[in-house]
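Below is one structure, written out as structure tokens; the observations come after it.
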Amino acid sequence: MLAYIGRRFVLAIFTVWAISVLSFVIIQLPPGDYVSSYIAQMASMGSVVSDEEAQALRIQYGLGQPVYVQYVKWMKQVVVGNFGMSMEWKRPVTEVIGARLWMTVLISVSALILTWVLALPIGIYSAVRQYSFGDYLATFIGFIGLAVPNFLLALVILYFGFVLFNAHIGGLFSPELQDAEWSAAKVWDLAKHLPIPALILGLAGTAQQIRIMRANLLDELRKPYVVTARSKGLTETRVILKYPVRVALNPFASTIGYTLPYIVSGSIIVSLVLGLPTVGPLLLKALIAQDMFLAGTIVLLLGVMTVIGTLISDILLVWIDPRIRLEET
Amino acid sequence: MAVAAATLDSPRIFVASQWQLMWWRFRKHKIAVASAVVVAGFYLVVLGADFLAYADPDASEAQRSLMPPQRVYWFDGWSFSPYVHGFKGARDPLTFKRVYVPDPSVKVPIRFFAEGFEYRFLGLIPTTRHLIGVDGDATKTIFLLGTDVQGRDLWSRLMYGTRISLTIGLLGVTASLVLGVVLGGLSGFYGGAIDTVIQRVIEILRSIPTIPLWMGLAAALPREWTVLQVYFAITVIISLLGWTELARVVRGRFLAMREEDFVVSARLVGCTQMRTIFVHMVPSFMSHIIAATTLALPAMIISETALSFLGLGLRPPAISWGVLLQAAQNVQTVAISPWLMIPSIPVIVAVMAFNFLGDGLRDAADPYGR
Numbered sequence: 073m074l075a076y077i078g079r080r081f082v083l084a085i086f087t088v089w090a091i092s093v094l095s096f097v098i099i100q101l102p103p104g105d106y107v108s109s110y111i112a113q114m115a116s117m118g119s120v121v122s123d124e125e126a127q128a129l130r131i132q133y134g135l136g137q138p139v140y141v142q143y144v145k146w147m148k149q150v151v152v153g154n155f156g157m158s159m160e161w162k163r164p165v166t167e168v169i170g171a172r173l174w175m176t177v178l179i180s181v182s183a184l185i186l187t188w189v190l191a192l193p194i195g196i197y198s199a200v201r202q203y204s205f206g207d208y209l210a211t212f213i214g215f216i217g218l219a220v221p222n223f224l225l226a227l228v229i230l231y232f233g234f235v236l237f238n239a240h241i242g243g244l245f246s247p248e249l250q251d252a253e254w255s256a257a258k259v260w261d262l263a264k265h266l267p268i269p270a271l272i273l274g275l276a277g278t279a280q281q282i283r284i285m286r287a288n289l290l291d292e293l294r295k296p297y298v299v300t301a302r303s304k305g306l307t308e309t310r311v312i313l314k315y316p317v318r319v320a321l322n323p324f325a326s327t328i329g330y331t332l333p334y335i336v337s338g339s340i341i342v343s344l345v346l347g348l349p350t351v352g353p354l355l356l357k358a359l360i361a362q363d364m365f366l367a368g369t370i371v372l373l374l375g376v377m378t379v380i381g382t383l384i385s386d387i388l389l390v391w392i393d394p395r396i397r398l399e400e401t
Numbered sequence: 107m108a109v110a111a112a113t114l115d116s117p118r119i120f121v122a123s124q125w126q127l128m129w130w131r132f133r134k135h136k137i138a139v140a141s142a143v144v145v146a147g148f149y150l151v152v153l154g155a156d157f158l159a160y161a162d163p164d165a166s167e168a169q170r171s172l173m174p175p176q177r178v179y180w181f182d183g184w185s186f187s188p189y190v191h192g193f194k195g196a197r198d199p200l201t202f203k204r205v206y207v208p209d210p211s212v213k214v215p216i217r218f219f220a221e222g223f224e225y226r227f228l229g230l231i232p233t234t235r236h237l238i239g240v241d242g243d244a245t246k247t248i249f250l251l252g253t254d255v256q257g258r259d260l261w262s263r264l265m266y267g268t269r270i271s272l273t274i275g276l277l278g279v280t281a282s283l284v285l286g287v288v289l290g291g292l293s294g295f296y297g298g299a300i301d302t303v304i305q306r307v308i309e310i311l312r313s314i315p316t317i318p319l320w321m322g323l324a325a326a327l328p329r330e331w332t333v334l335q336v337y338f339a340i341t342v343i344i345s346l347l348g349w350t351e352l353a354r355v356v357r358g359r360f361l362a363m364r365e366e367d368f369v370v371s372a373r374l375v376g377c378t379q380m381r382t383i384f385v386h387m388v389p390s391f392m393s394h395i396i397a398a399t400t401l402a403l404p405a406m407i408i409s410e411t412a413l414s415f416l417g418l419g420l421r422p423p424a425i426s427w428g429v430l431l432q433a434a435q436n437v438q439t440v441a442i443s444p445w446l447m448i449p450s451i452p453v454i455v456a457v458m459a460f461n462f463l464g465d466g467l468r469d470a471a472d473p474y475g476r
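Heads up: the protein sequence lines correspond to chains F and E, in order.
Take any residue in the first sequence, note its place counting from 1, add 72, and you have its number in this note's numbering.
Take any residue in the second sequence, note its place counting from 1, add 106, and you have its number in this note's numbering.
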């Protein structure tokens with residue numbers, strides 16, 4: 073078991089490293105460097121940066137050195153939590169991102185939880201009542217969920233909310249509480265706004281989980297031990313919930329690793345449509361303004377966040393599934 | 107069992123080729139067959155986009171900004187001759203919104219195989235014929251799906267958008283396929299250390315949230331690049347992260363087949379490695395690759411649409427579904443002009459059709475199973 077967790081941990085570290093390299097590539101890709109964009113920006117505002125100043129800046133940021141040296145320098149700063157300055161906001165990147173990162177975490181985790189809360193009972197129902205009206209309905213909604221890209225779904229829901237109820241569904245807070253201090257009222261307001269974005273983000277995942285749950289449970293229900301349990305006179309609920317559901321649950325848990333990156337990805341683009349205060353809109357703005365330190369940091373943090381989430385789910389899986397636990401010892 | 111009993115009655119099953127068996131199996135999946143027709147229809151639009159469009163997709167006209175779709179009257183009296191009414195544009199004195207009122211006194215007949223702007227049919231034959239159109243006069247035109255803010259005809263733009271969105275998906279999936287087959291093949295055929303490394307790389311790639319990464323890469327494309335350069339760059343970006351599933355399928359097939367009798371005997375009679383792989387192994391899992399490729403296409407289409415929707419993918423003057431949907435980004439705009447959402451319909455239909463088709467192909471890919 074320890075060996076398994078150890079291996080997952082090493083892989084997670086490699087993943088974080090790969091993400092850091094990719095983020096650095098994103099920072100480096102645009103033509104010119106940080107200083108030349110800074111000079112251009114200053115010039116557009118009417119002030120001039122002298123050659124000496126530019127030179128000093130270049131030395132400070134280690135520009136002009138080989139790329140790998142720059143990467144190491146950047147990493148050294150990142151490890152101690154200094155992500156550089158946002159050019160657009162003239163503030164440290166950490167300050168700009170601030171609470172938005174936690175909002176992203178909150179929305180992603182809510183979507184993940186909603187996925188399970190919905191998929192588990194619906195999946196069980198679909199399997200137990202195979203080919204019933206409810207089963208077909210679940211399958212149909214599932215296909216819609218898989219086929220409609222989540223940003224389009226957000227757009228459609230927003231549109232109908234606007235046309236039918238004349239309500240603006242977007243955002244995570246009511247306008248009057250937007251800038252208020254945290255209070256019970258604000259938390260309640262957030263809780264009221266959360267379900268719709270979480271549902272939009274979670275729908276595709278839910279559809280997939282329902283299909284997995286249904287297929288697994290159908291396989292289990294045909295096995296002889298279910299017949300035995302039933303013939304011994306257990307109630308139907310107990311027969312189903314006690315054994316087959318538990319077995320069918322395992323692959324269910326192991327898919328978090330694939331679901332989480334998908335949800336985090338989706339949260340970026342859905343946030344843009346719904347106007348949620350996550351890092352999504354910030355990332356788009358940063359990319360358009362070529363504010364590369366901000367953009368690179370967001371990509372890095374999102375990646376790391378996902379890896380940590382996946383790692384936690386892996387450890388949970390070991391805890392749930394004794395087969396993995398025993399296999400590795 | 108029922109299948110086995112039925113097959114014993116029909117001797118032709120014993121002499122049928124593998125592809126014939128697959129076709130029979132595929133035919134049973136009704137939704138997949140219907141989806142195949144839909145997909146074929148989409149690619150016909152790709153080929154004949156300029157024939158199906160009746161207006162130059164870039165011709166803008168401020169006087170026709172945001173016109174709603176026109177109603178088509180199919181019968182004039184008792185004879186079949188479709189026409190639309192003319193329209194009068196005016197500005198609402200209160201809201202300053204442009205409003206259009208149909209003018210029943212003017213009938214604009216729709217002509218089939220009418221003259222329109224010049225283009226090359228299939229990129230070869232110069233012609234001016236279009237499926238539908240109106241008689242010469244420029245003031246009389248039709249707008250089947252309305253117009254956008256700049257007064258460009260949405261139907262014609264949708265036709266061109268379909269061409270770009272579906273070919274970019276196809277190119278992207280081809281690039282992914284090459285990467286997936288080579289890397290998945292190496293992984294499955296050699297096993298050992300190569301396999302471990304490639305599998306770890308796949309695991310790493312799959313655990314990274316792709317959209318932020320795509321956004322970063324796409325935003326770094328130089329602004330001065332031409333439409334064509336951006337088009338290919340987006341294809342490459344999308345396929346660089348999209349090959350993992352294909353590689354997984356190919357590897358699985360290689361692993362399953364390495365120990366099969368016919369592969370072992372091919373090796374024993376002294377076939378070279380290349381010959382074993384390409385003459386004996388690849389043909390027998392070709393069908394699986396085709397199925398996996400079909401299932402990978404929707405993700406490509408959605409990726410392009412999403413990137414372009416955000417303004418990071420294809421940029422105007424290029425037309426794709428995502429570029430068209432950019433106009434629908436704002437709820438207020440959509441509430442006033444709901445027809446701007448129309449381009450989302452082909453996205454959803456195409457994604458569904460490819461998914462069902464892929465499902466059917468996957469089931470048919472292994473006609474000996476079950």
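Positions of the beta carbon are idealized from the N, C-alpha and C atoms, including for glycine.
Three-state class that DSSP yields for E/Ser166 in the structure shown: One-based indexing of the second sequence puts residue 166 of chain E at position 60. For E/Ser166, the three-state secondary structure derived from DSSP is coil.
Cβ distance (whole Å) where F/Ala100 is taken to contact F/Val139 below 8 Å: One-based indexing of the first sequence puts residue 100 of chain F at position 28. One-based indexing of the first sequence puts residue 139 of chain F at position 67. The question names Ala, yet the displayed sequence has Gln at residue 100 of chain F. Here F/Gln100 really is in contact with F/Val139; their C-beta atoms are around 7 Å apart, less than 8 Å.
Spatial distance of E/Val151 from F/Thr307 (CA atoms): Within the second sequence, the letter at position 45 stands for residue 151 of chain E. Within the first sequence, the letter at position 235 stands for residue 307 of chain F. About 57 Å.
Short Cβ contact (8 Å threshold) for E/Asp198 with E/Tyr189: Here the question's residue 198 of chain E lines up with position 92 in the second sequence. Here the question's residue 189 of chain E lines up with position 83 in the second sequence. No, Cβ-Cβ distance for E/Asp198 and E/Tyr189 is not below 8 Å.
Sequence-distant residues of its chain with Cβ nearer than 6 Å to E/Leu289 (five each side left out): Residue mapping note: residue 289 of chain E aligns to position 183 of the second sequence, counting from 1. The beta carbon of E/Leu289 sits closer than 6 Å to those of Ile304, Ala353, all from its chain and outside the five residues before and after it, given in chain order.
F/Ile169 and F/Val351 closer than 8 Å at C-beta: By one-based count along the first sequence, residue 169 of chain F stands at place 97. By one-based count along the first sequence, residue 351 of chain F stands at place 279. Taking 8 Å as the cut-off, the beta carbon of F/Ile169 is found closer than this to the beta carbon of F/Val351.
3-residue-minimum beta strand (DSSP E) runs that sit fully inside the stretch 223 to 266 of chain E, ordered along the chain: Taken in chain order, the complete beta strand (DSSP E) segments of 3 or more residues contained in the stretch 223 to 266 of chain E are 231 to 239.
Neighbour flag for F/Pro296 against chain E, beta carbons, 8 Å: For the purposes of this step, residue 296 of chain F is identified with residue 224 of the first sequence, where counting begins at 1. For F/Pro296, the nearest beta carbon of chain E is not closer than 8 Å to its own beta carbon.
Beta bridge counterpart(s) of E/Lys194 as assigned by DSSP: Looking up residue 194 of chain E in the second sequence gives position 88. Beta-bridge pairing links E/Lys194 to E/Val207.
Within the stretch 304 to 329 of chain E, ranges of the alpha helix (DSSP H) (whole runs, at least 4 residues): Listed in chain order, the complete alpha helix (DSSP H) runs (minimum 4 residues) inside the stretch 304 to 329 of chain E are 316 to 325.
Three-state secondary structure (DSSP) of E/Trp125: Locating residue 125 of chain E in the second sequence gives position 19, where the first residue counts as 1. For E/Trp125, the secondary structure class from DSSP, reduced to helix, strand or coil, is helix.
Chain-ordered neighbours of F/Ala90 on chain E, where CB pairs are closer than 9 Å: Here residue 90 of chain F refers to the residue found at position 18 of the first sequence. Those are Val307, Ile310, Leu311, Ile314, listed as they occur along chain E.
Classification of E/Gln335 by the beta-carbon crowding that lies within 10 angstroms, buried from 16 upward: To locate residue 335 of chain E, count along the second sequence from 1; it is residue 229. Looking at its Cβ environment, which holds fewer than 16 other Cβ atoms inside 10 Å, E/Gln335 is exposed.
C-beta contact flag for F/Ile284 and F/Pro333 at 8 Å: Along the first sequence, one-based indexing puts residue 284 of chain F at 212. Along the first sequence, one-based indexing puts residue 333 of chain F at 261. Cβ distance not < 8 Å, so F/Ile284 and F/Pro333 don't count as in contact.
Sequence-distant residues of the same chain with beta carbon closer than 7 Å to E/His394, five excluded per side: Start at 1 with the first residue of the second sequence, and residue 394 of chain E comes out as number 288. Cβ neighbours of E/His394 beyond the five flanking positions: Val355, Arg359, Ala471.
Cross-strand partners of F/Arg163 (DSSP beta bridge): Position 91 of the first sequence, counted from the start, is the residue given in the question as residue 163 of chain F. F/Arg163 is bridged to F/Ser158.
Within chain E, partners of F/Gly329 - CB distance below 7 Å: Along the first sequence, read from residue 1 onward, the residue named residue 329 of chain F stands at position 257. Ordered by position in chain E, the residues that pass the 7 Å Cβ test against F/Gly329 are Ser313.
Close Cβ partners of F/Ser326 (< 6 Å) along its chain, the five nearest in sequence each way excluded: Stepping through the first sequence from its first residue, residue 326 of chain F is reached at position 254. Counting only Cβ-Cβ distances below 6 Å, and skipping sequence neighbours, we find Leu389.
Any C-beta of chain E under 8 Å from that of F/Val342: As a position in the first sequence, residue 342 of chain F is number 270, starting the count at 1. Not one chain E Cβ lies under 8 Å of F/Val342.
Euclidean distance between Cα positions of E/Asp469 and F/Met377: Taking the second sequence and counting its residues from 1, the one referred to as residue 469 of chain E is at position 363. Taking the first sequence and counting its residues from 1, the one referred to as residue 377 of chain F is at position 305. Taking the straight line from one Cα to the other gives about 37 Å.
Contact under 8 Å by Cβ, F/Glu124 with F/Ala358: Translated into the one-based positions of the first sequence, residue 124 of chain F becomes position 52. Translated into the one-based positions of the first sequence, residue 358 of chain F becomes position 286. Taking the C-beta atoms as reference points, F/Ala358 is found no nearer than 8 Å to F/Glu124.
Helix, strand or coil at E/Lys213 according to DSSP, with G and I counted as helix: Your numbering for residue 213 of chain E matches position 107 in the second sequence. In the three-state scheme derived from DSSP, where H, G and I count as helix and E and B as strand, E/Lys213 is classed as strand.
Residue-chain proximity (E/Phe193, chain F), Cβ-Cβ < 8 Å: On the second sequence, residue 193 of chain E is found 87 positions in, with the first residue counted as 1. Not an interface residue.
Nearest residue (CA-CA) to E/Ser211, options E/Leu228, E/Phe202, E/Phe193: Start at 1 with the first residue of the second sequence, and residue 211 of chain E comes out as number 105. Looking at the Cα atoms, E/Phe193 is the closest of the given residues.
At least 3 beta-carbon pairs within less than 8 Å: the stretch 331 to 345 of chain F vs the stretch 299 to 317 of chain E: With a cut-off of 8 Å, the stretch 299 to 317 of chain E and the stretch 331 to 345 of chain F count as touching, because enough Cβ pairs lie within range.
Contact residues within the stretch 252 to 264 of chain F, judged by C-beta distance below 8 Å to chain E: Of all residues in the stretch 252 to 264 of chain F, none comes within less than 8 Å of chain E when Cβ atoms are compared.
Cβ-based burial, F/Gly118 [other Cβ within 10 Å; buried from 16]: Walking along the first sequence from the start, residue 118 of chain F turns up at place 46. Classification for F/Gly118: exposed.
Residue-level contact to chain F via CB, E/Phe384, 8 Å cutoff: The residue given as residue 384 of chain E occupies position 278 in the second sequence. It does not: the Cβ of E/Phe384 has no partner Cβ on chain F nearer than 8 Å.
Nearest neighbour of F/Thr369, chosen from F/Tyr197, F/Gly156, F/Val189 [CA to CA]: Your numbering for residue 369 of chain F matches position 297 in the first sequence. Minimum Cα-Cα distance from F/Thr369 among the listed residues F/Tyr197, F/Gly156, F/Val189 corresponds to F/Gly156.
Within 9 Å of chain F by C-beta, residues of the stretch 428 to 447 of chain E in sequence order: From the stretch 428 to 447 of chain E, only Leu431, Ala434, Gln435, Val437, Gln438, Val440, Ala441, Pro444, Met447 have a Cβ closer than 9 Å to chain F.
DSSP three-state assignment for F/Ser204, whether helix, strand or coil: Working through the first sequence from its first residue, we reach residue 204 of chain F at position 132. In this structure, F/Ser204 counts as coil in the three-state DSSP scheme.
Per-residue burial, E/Met380 [other beta carbons within 10 Å of its own, 16 or more giving buried]: Counting from 1 along the second sequence, the entry for residue 380 of chain E is found at position 274. Answer is exposed; the Cβ neighbour count stays below 16.
Own chain, CB closer than 8 Å to F/Gln149, minus 5 neighbours either side, in chain order: Taking the first residue of the first sequence as 1, we reach residue 149 of chain F at position 77. Within the same chain, F/Gln149 has close Cβ partners Phe155, Gly156.
Per DSSP, the bridge partner or partners of E/Asp182: Here residue 182 of chain E is taken as the residue at index 76 of the second sequence, counted from 1. According to DSSP, which records beta bridges pairwise, E/Asp182 is partnered with E/Ser185.
Residues sharing a beta bridge with E/Glu221, DSSP: Stepping through the second sequence from its first residue, residue 221 of chain E is reached at position 115. Among the bridge pairs identified by DSSP, E/Glu221 is matched with E/Arg235.
CB of F/Ser182 within 8 Å of CB of F/Ala257, strictly: In the first sequence, counting from the first residue as 1, residue 182 of chain F sits at position 110. In the first sequence, counting from the first residue as 1, residue 257 of chain F sits at position 185. No, the pair does not count as a contact, with Cβ atoms beyond the cut-off.
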